[in-house]
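Single-structure report; data block below.
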Amino acid sequence: MNSPYNEALGATLIERTKRERIVLVGVTMPGHHDDDTEAGLDELSLLIDTAGADEAGRVMQRRDSPDHTWYIGKGKVEELRDMCLAVDADTVVFDNELSPAQQYNLEKVLGRTALDRTAVILDIFAQNAHTLEGKAQVELALLRYRLPRLRRGAKANLSQQRGGVGSRFGGGETKLEVDRRRIMRRITKLEGDLRELQHTRQLQRKSRGRSGLAAVTIVGYTNAGKSTLLNRLTQAGVLVEDRLFATLDPTTRRLSLPGGEPVLLTDTVGFVRRLPHGLVEAFKSTLEVAS
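All residue numbers in the sequence shown are consecutive under our numbering, ending with 564.
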């Protein structure tokens, strides 16, 4: 049965027909060290591998502040373009968060897709979400990410866009306007659905609380072995893979302690360094379970 939450999940951000070759970009800002930037790129390399792509090279730069046009300086953009040609890279991914304008300007100069860390994590979440709530949360985050990145295109077919009395007097909407209105309607719908799903989850938590069983939550970094621990203790049969974010949806199982006392043990989605603000909502179920 198809999930109702497929509006944005069907078109993820990393190419699926082949393993893309990606150049990673990291920028060291004041108060940070190159070692921090290198560690961030190491984690980003694991993220793109999980998303289905390969690292083809790295570019690093120190800056006092991001360049408003490209995030990195003009000379570094040229170096990045040359590296992409040399290693036959399809895409560049910044470990820093790009504005919609910076992303657009980079793609225009490089002639390649430019993404940031947020886009990669969203892509992984889109692949791994399974429950209704998880899929709705990920789609909502994807649509919020895409909305400010829509670009004006040609006029769409006016006969397909006009409707109602007011349409008789308008010149028709551009495809950009139609896409924006469609996404905003979908966002409103998802927000309402999530409120209902979260209310149901709160009722389930209250029911578990009335059971009198103590609740134990396994919390930690992604791919640190949380699901393996749950399976070892409870024979839960939770998916275990050596990749980031293999588990997105909390799983709860009953466990008897050595003294015979029963508890509820919950596996949660793993955390990651510098979790993008737009993804905090997708971790809400984990944060509530752990609280």
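The beta-carbon is built from N, C-alpha and C at its ideal position, and this holds for glycine as well. Model, not experiment: these values are computed from the prediction.
message = Could you pull the DSSP bridge partners for THR386 from this structure?
response = Residue pairing by DSSP puts THR386 in a beta bridge opposite THR364.
inquiry  = Taking its Cβ as the centre, do 16 or more other Cβ atoms sit within 10 Å of TYR494, making it buried, or is it exposed?
reply    = exposed
ask   = So, helix, strand or coil for PRO421, using DSSP?
value = helix
key: One or two residues paired with ASP308 in a DSSP bridge   = The partner list for ASP308 (beta bridge, DSSP) is empty, contrary to what the question assumes.
ask   = What whole-angstrom Cβ distance do ARG390 and ASP368 have, given they're in contact under 8 Å?
value = 5 Å
inquiry  = Among PRO303, ALA387, ILE345 and LEU416, whose alpha-carbon lies nearest the alpha-carbon of ASP452?
reply    = LEU416
GLY532: first and last residue of the uninterrupted beta strand (DSSP E) it sits in = Element bounds for GLY532: n/a, residue is neither H nor E.
query = Going by other Cβ atoms of all chains shown within 10 Å of its Cβ, with 16 needed for buried, is ALA326 buried or exposed?
reply = buried
ask   = When the Cα of THR364 is compared with those of ALA409, ALA402, LEU383 and GLU370, which residue comes out closest?
value = LEU383
query = Just how far apart, CA to CA, sit LYS381 and SER529?
reply = 59 Å
ask   = Taking buried to mean at least 16 other C-beta atoms within 10 Å of its own C-beta, is ASP603 buried or exposed?
value = Because the chain spans 274 through 564 in this model, residue 603 falls outside it and cannot be assessed.
ask   = Any idea which residues DSSP pairs LEU317 with across the strands?
value = DSSP output for LEU317 lists no bridge partner at all.
Touch test, the segment 307-323 against the segment 404-413, Cβ-Cβ under 8 Å, three pairs minimum = no
inquiry  = With DSSP as the reference, identify every bridge partner of LEU538, one or two as the case may be.
reply    = VAL489 and ARG526
message = Less than 8 Å between the beta carbons of ALA362 and ILE460, yes or no?
response = no
ask   = Can you pull the DSSP bridge partners for MET333?
value = GLY299
ask   = Grouping DSSP H, G and I as helix and E and B as strand, with all else coil, what is ARG292?
value = coil
ask   = CA-CA distance, LEU353 and ASN378?
value = 13 Å
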